[in-house]
Amino acid sequence: MRKSIVAALGAGLLACAPGSGGGNASGTSGGSSTTTSAGTNTGGTTGGGSTSGASGGASGGASGGASGGTTSAGSTSGGSTSGGSSGGASYFGSVEFTATSMPQATYYNALAGFSATAPNACLGGVPTGDCCYFPPDADAGLPPQVSAGAITLTDDGNTIGTLTFDGGYAPLSSMTNARGLSWKPGHSLSANASGSIVGPFTQSLVAPAPPTVTSPALQNLGTTSIPAGQPLTVSWTPGAAGDVVTASLNGARNGASDGDVVCRASDAAGTLTVPASLMANFHPGDVGAIVVGRTTQKTAPCANATVTIGATIPVSGVVTYR
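See below:
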């Protein structure tokens, strides 16, 4: 479970992280996972993924289940951050709105984390270009968390939840402890922190729509077959230049995980390629999940911290490797 605690602390970083929080090689319906800016990523196998850390970024929790979907959060919920008060910042962190899309329903999560530790792409993993590979035993650890006070979350001006600090921010999920947590693409999502060790901040952004994936074909209720050991091109209908799309893959066989791969690209590019060297971590006969998430992020002005607010929504499917 510690391996899912991967921080890809914001600001244009790869922000990759495998999901855990109950995720395992035999997950059945897909868990969402996302890293925040120092970040713990705890996506589960049934979709109530959550992250509590401080690291910005979207990471699809690819280890949320070999036959269940993991979502990206992330990108953070996959994504990169957009600058911030870098030079004199004492702390780094993010607030993430993430969604877990499954055939039965969509579940919503809210996560936050802040730390004095500077960003580190692929923490706990092995970087390859714009990708990260997380071995099955990856353990990123988690830097000490600090408080930004109570963080009020709103959707089009209506309060949908409050993140509170007790040694870290406990994630909110519409599956468990925040039944009223939800939003729709195009809605205005806001985070307003009262301030504590990290100073007060407020920021809003427009929730993105899920990406329209054109390749590989993702089956809502079926299985997509992809080759192991060969480059995998993921394509989607291009979106806004400032957004980020993250593709997350996992695989396992007979209950043994082969790890997680997470890659990212500009939404406007419309495509990314997972290198053959990373696809070689999976083997014919593996079963896993692919998650493609779109993340929008904005910097929140803060006197003593680089803070980003992100919103991620994914599409996912079950995969077999041949």
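Counting from 15, one number per residue, gives the positions in the sequence shown under my numbering.
Note that beta-carbon positions come from the ideal geometry of N, C-alpha and C, so glycine has one too.
Asked	Found
Residues near T216 in its chain [Cβ-Cβ closer than 6 angstroms; skip 5 each side]	N206
Where A290 falls: helix, strand or coil (DSSP)	helix
For T310 and G337, believed in contact at Cβ under 8 angstroms, the rounded distance	Lying outside 15 to 336, the shown extent of the chain, residue 337 is not represented and no answer is given.
Nearest residue (CA-CA) to S104, options I240, T131 and Y121	T131
Inter-residue Cα distance where the pair is G163 and T260	30 angstroms
Extent of the continuous beta strand (DSSP E) run through G331	A319 to Y335
Whole beta strand (DSSP E) elements within the stretch 102-158, 3-residue minimum	105-115, 120-129, 140-142 and 145-148
Segment limits, beta strand (DSSP E) that includes C277	A270 to S280
C-alpha gap between G194 and G171, whole angstroms	14 angstroms
CA nearest to the CA of G265, picked from T334, T251, V288 and T168	T334
For I211, the residue or residues it bridges with in DSSP	BP columns for I211 are empty, so no partner.
Selection from D257, T173 and N318 that minimises the alpha carbon distance to W197	T173
Span separating the alpha-carbon of T168 from that of V258	23 angstroms
Straight-line gap, S187 to V288 (C-alpha atoms, nearest Å)	30 angstroms
CA nearest to the CA of S208, picked from T190, G302 and F179	F179
Nearest candidate by alpha-carbon position, reference S210, set T326, G143 and N318	N318
Three-state class that DSSP yields for A242 in the structure shown	coil
Buried versus exposed, by CB contacts within 10 Å (16 or more), Q118	exposed
Closest by C-alpha distance to R308, when choosing among P222, A283, M293 and A290	P222
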